[in-house]
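A.B. asks: Shown below is the structure under consideration.
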Amino acid sequence: MVTAVGEIPPTSQQREALRAFVLSATTAEVVDRLARSEGRLRELDEQLQLMRESLVDHEA
């Protein structure tokens, strides 16, 4: 890890805490994106179902 001149390098415990923080933030972002993707897929599925129903009604 690069440090400024005269700066005390972080301890292994501090490095691990930072690593855990970054990992948790990244995990939260991935979970958020998955949730939004799932919501969008649900919307598209509902639209598809409405189109199918409309087509069936039109053919009847």
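Read in the numbering used here, the sequence shown has 21 at position 16, and its numbers run on one by one without any break.
All C-beta atoms, glycine included, are put in the ideal place defined by N, C-alpha and C.
What you are looking at is a predicted structure, and each value in this text was computed from that prediction instead of being measured.
Run through DSSP, which three-state label would Ala65 get?
C.D. replies: In this structure, Ala65 counts as coil in the three-state DSSP scheme.
A.B. asks: Cα separation between Asp62 and Ala25?
C.D. replies: 55 Å
A.B. asks: Using a Cβ-Cβ cut-off of 8 Å (strictly less than) and excluding sequence neighbours within five positions of Leu23, which residues of its own chain qualify?
C.D. replies: Counting only Cβ-Cβ distances below 8 Å, and skipping sequence neighbours, we find Pro15.
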